[in-house]
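Asker:
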Amino acid sequence: MKKILISGLIAGCILFVFSYGGLFLAIRFLPALFTEYNNPLFNSNGSRDVLFYLHAFIFSFALSWFWERFKVLFKGPFMIRGLEFGLVYALIALLPVMWISFSALDVTIAMVLSWLVYGLIQAIVAGIVFAKVNP
Amino acid sequence: MLYKNILWISLLLLSPAEKTKWVVSESSSLSVNGSTNINKFSCVIPTYDQTDTLTMAQVDKGVILTGNIGLKIESFDCHNSIMTSDLRKTLKEKQYPRLYIHFLSLSEFPQLTTEPKSITGWVNIELAGTTKRVEIKYQVSMDGQKVIHLLGSQDINFSDFNLVPPRKLGGMIKTNDLLSVAFHLKIKAI
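From first to last, the protein sequence lines are chains H and B. Sequential numbering of the first sequence, starting at 122, is according to my numbering. Sequential numbering of the second sequence, starting at 7, is according to my numbering.
(1) Output, in chain order, the set of chain B residues within a Cβ distance shorter than 9 angstroms of G167/H.
(2) Would you list, in sequence order, the uninterrupted beta strand (DSSP E) runs of no fewer than 3 residues that lie entirely inside the stretch 58 to 115 of chain B?
(3) I need the straight-line Cα distance from L19/B to N43/B, nearest angstrom please.
(4) By a C-beta neighbour count over all protein chains shown, 10 Å radius and 16 as the cutoff for buried, is E32/B buried or exposed?
(5) Is D83/B close to chain H? Criterion is C-beta to C-beta, closer than 8 angstroms.
(6) Under a Cβ-count criterion, where at least 16 other Cβ atoms within 10 Å of its own Cβ denotes burial, should P256/H be classed as buried or exposed?
(7) I'd like to know if the stretch 167 to 182 of chain H and the stretch 129 to 147 of chain H are in contact, where contact means that at least 3 CB-CB pairs between them fall below 8 angstroms.
(8) Whose C-beta lies closer than 6 angstroms to the C-beta of R202/H among residues of the same chain, with five residues either side of it excluded?
(9) Is R139/B helix, strand or coil by DSSP?
(10) Just tell me which of Q151/B, Y144/B, K174/B, F167/B has its CA closest to the CA of Q160/B.
(11) Does Q160/B come out as helix, strand or coil in the three-state DSSP assignment?
(12) Does any CB atom of chain B fall closer than 8 angstroms to the CB of R175/H?
(13) For I221/H and chain B, any beta-carbon pair shorter than 8 angstroms?
(14) Would T57/B and W28/B qualify as a contact pair, given that the criterion is a beta-carbon distance under 8 angstroms?
(15) Mind checking the stretch 36 to 49 of chain B against chain H and listing, in chain order, the residues whose C-beta falls within less than 7 angstroms of any C-beta there?
(16) Tell me N39/B's beta-bridge partners as DSSP assigns them.
(17) Can the beta-carbon of I107/B be found less than 8 angstroms from the beta-carbon of I131/B?
(18) For the candidate residues F189/B, F115/B, K194/B, whose alpha-carbon lies nearest to that of G68/B?
(19) Exposed or buried, which one is V187/B when buried takes at least 16 other CB atoms within 10 Å?
(20) DSSP state of Q145/B, grouped into three classes?
Here you go:
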């Protein structure tokens, strides 16, 4: 349990900087990709900002538990283990969620693909951290 | 506010000045320009869905203009369906379906020539249940068909009307508070 919490916390802090820093830079340098977010589908009054910024930690703690249960299945150097972990997560969790999101919500394919890639990169980063901290 | 309006109307009724009546045509329009930290947007109400009358009367200290126009928030078109619905939500369309411009005064009696003349005037803008008095810069002219063109413009803020500019993704995408409002009234004297 302690290992799950510590590696989840470390991965959460790294993902927080990586995710929101990356998002900030992407909005600054590729603004055209984000014009679709001026959409009533997205919360606009700031009431859920705390939840938005907690996402990195929700994600890292959930994946940390998943890593602890299934880490024996990922073999090889830590980079490869992290990469495979990220791909597995993207295949079993992200892809179906993105599929249903695109089919049910008024969002563009570009937006859904960007979420898929963003989640995949987050999961790979988290996997590399777990492989290093909790091999 | 109520007492001031009563005073204006009383002055108008008691004034011996000649009154001129104008009918606002359906081809009048209103546009709103704003920006976010990633793009600019321009939303228009391309046509006016009703016929309203404005009354103008010259008094010693200027011109009293009475009448109002009520524009449907659902008529806003931002040339992008997603942005259009976002603007309507921000302006609380379900609670307050119309934006009203209540005309109060003009700085001078407009000279109706083909050459646009600049004048100013006060209006009350009623948006999302809040009313704000603002001074509008007008360009007035009259074309060959005797249609009077009254072009008004003024910068306002979302916050003037207790509206919160939309912010997305934890505030990383922010709409700026400033909105530039411009309207083009096509009017005929009656």
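The C-beta atom is built at its ideal place from N, Cα and C for all residues, glycine as well. In this text the structure is predicted, and so the values were computed from the model without any measurement.
Answerer: Well, looking at it:
(1) V170, R173, G176, G177
(2) 58 to 65, 68 to 72, 74 to 78, 104 to 112
(3) Below a pLDDT of 50, predicted positions are generally treated as unreliable, and L19/B, at 47, falls in that range; no measurement from the model is reported.
(4) exposed
(5) no
(6) exposed
(7) yes
(8) F195, A252
(9) strand
(10) Y144/B
(11) strand
(12) Per the sequence presented here, residue 175/H reads as Leu, with Arg not at that position. With 8 angstroms as the cut-off, L175/H does not count as an interface residue toward chain B.
(13) no
(14) no
(15) T42, I44, N45
(16) S48/B, S186/B
(17) yes
(18) F115/B
(19) buried
(20) strand
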